[in-house]
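All residue numbers for the sequence shown refer to the working numbering, where the first residue is 17 and numbers rise by one.
Don't be surprised by glycine CBs; every beta carbon is placed ideally from N, CA and C.
Working notes, structure below.
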Amino acid sequence: MLSDSPPERDLEWSDSAVEGAHKFLQRVWRVVQEAAESATSTPATACAPLKTAHRALKKVTSDMERFHFNTALAEIRVLFSELANFRPETDGERTAVYEAACLGVQMIAPFAPHLCEECWETLGKGTLLANAPWPVHDESLIAENEFQLVVQVNGKVRDRLMVPTDAAEDRVRELVLESPKTREFIGDKQVRKFIYIPGRLANVVIA
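Take a look at the structure:
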């Protein structure tokens, strides 16, 4: 119920909402089990799930302080959805998923304490989650050092690239023209013009 409406508003009972909450908690449990099984001693890589976890932690902390439980839960759902779909390829990414899962469990603990104590134990923690301090987000993981650039060829979206936020236009042009997907649409045609809207879009005009 807390996930569907602010606490001060009335809400009608919904069986489907209960089923949805149950499926979400099942997802949490699966993510925790997978994270615990694949955990390594390699330092975490600053990959997408870990960044998402710290962004979520910052927002959830703020939402909880203002009693905005529904938006806090929405943020936690997004995190566990990303964790469920992410497939780590390196030990550093596996550690990142493990750390993100730990943060996610701490965030959802006020709403599902019994399940989260089981999750905490599964994650190999030797203490009670109830006695653990509330985590603090890492601002360095939240700071955006790259953005998604939409790449067009003759005005049609053909690619999307992650580009450093401080990249100059010449560097952005290089990245765009080196992209295999973009090259596929350019082929052997001549690039007549390169239009760049900083932080948003690049359009390659070909003959």
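Check your understanding: Going by C-alpha distance, which of ALA159, GLU200, VAL220 is nearest CYS63?
Key -> Translated into the one-based positions of the sequence shown, residue 63 becomes position 47. Residue ALA159 is the option with its Cα nearest to CYS63.
Review point. If you follow the beta strand (DSSP E) that ASP182 is part of, which residue opens it and which one closes it?
Key: If you number the sequence shown from 1, residue 182 lands on position 166. Per DSSP, ASP182 belongs to no beta strand (DSSP E) and is neither H nor E.
Check your understanding: Hey, how far is the Cα of GLN122 from the Cα of VAL34?
Key -> Working through the sequence shown from its first residue, we reach residue 122 at position 106. Working through the sequence shown from its first residue, we reach residue 34 at position 18. The alpha-carbon atoms of GLN122 and VAL34 are separated by roughly 22 Å.
Practice item. Take VAL207 as the anchor and find which of PRO214, ILE213, GLY215, GLU194 has the nearest alpha-carbon. Key: Position 191 of the sequence shown, counting from 1, holds the residue named residue 207. Closest by alpha carbon: GLU194.
**Study point:** C-alpha gap between GLU200 and ALA183, whole angstroms
**Key:** Reading the sequence shown from its first residue, position 184 is the one you call residue 200. Reading the sequence shown from its first residue, position 167 is the one you call residue 183. Rounded to whole angstroms, GLU200 to ALA183 spans 23 Å at the Cα level.
**Study point:** Opposing strand residues paired with ILE222 [DSSP bridges]
**Key:** Indexing the sequence shown from 1 puts residue 222 at position 206. Its beta-bridge partners are VAL207.
Practice item. Measuring alpha carbon to alpha carbon, tell me which of ASN219, VAL44, GLU105, ARG176 ends up nearest PHE163. Key: Walking along the sequence shown from the start, residue 163 turns up at place 147. Of the candidates ASN219, VAL44, GLU105, ARG176, the one whose C-alpha sits nearest the C-alpha of PHE163 is ARG176.
Check your understanding: Is the segment 96-103 touching the segment 40-47 in the sense that three or more CB pairs, one from each, lie closer than 8 Å?
Key -> yes
Practice item. Assuming ARG174 contacts LYS197 (C-beta within less than 8 Å), just tell me the rounded distance between them. Key: Translated into positions along the sequence shown, residue 174 becomes position 158. Translated into positions along the sequence shown, residue 197 becomes position 181. Indeed they touch by this definition, with Cβ atoms about 7 Å apart.
Practice item. Tell me whether PHE85 is buried or exposed, calling it buried when 16 or more other Cβ atoms sit within 10 Å of its Cβ. Key: Position 69 of the sequence shown, counting from 1, holds the residue named residue 85. Per the 10 Å Cβ criterion, buried.
Review point. Quick one: what does DSSP say MET17 is sitting in, helix, strand or coil?
Key: Residue mapping note: residue 17 aligns to position 1 of the sequence shown, counting from 1. Residue confidence for MET17 is low, a pLDDT of 44 falling below 50, so the modelled location carries little weight; the figure read from the coordinates is stated next. Three-state DSSP puts MET17 in coil, outside helix and strand.
Review point. Does the Cβ of VAL152 have 16 or more other Cβ atoms within 10 Å, making it buried, or fewer, making it exposed?
Key: Numbered from 1 along the sequence shown, position 136 holds the residue referred to as residue 152. Counting Cβ neighbours within 10 Å, VAL152 comes out exposed, since fewer than 16 surround it.
Point to revise | Helix, strand or coil at LEU165 [DSSP, three-state] | key: Residue mapping note: residue 165 aligns to position 149 of the sequence shown, counting from 1. It is a strand residue.
Point to revise | Exposure of LYS205, with buried meaning 16 or more beta-carbon neighbours within 10 Å | key: Stepping through the sequence shown from its first residue, residue 205 is reached at position 189. Exposed, because fewer than 16 other Cβ atoms sit within 10 Å of the Cβ of LYS205.
Check your understanding: With 16 as the cutoff for other CB atoms within 10 Å, does ALA181 come out buried or exposed?
Key -> Numbered from its first residue, the sequence shown carries residue 181 at position 165. The question names Ala, yet the displayed sequence has Thr at residue 181. Label assigned to THR181: exposed.
Check your understanding: At what residues does the alpha helix (DSSP H) containing ARG199 begin and finish?
Key -> By one-based count along the sequence shown, residue 199 stands at place 183. Per DSSP, ARG199 belongs to the alpha helix (DSSP H) from 196-202.
Check your understanding: Per DSSP, ASP175 forms a beta bridge with which residues?
Key -> Taking the first residue of the sequence shown as position 1, residue 175 is located at position 159. Its beta-bridge partners are VAL167.
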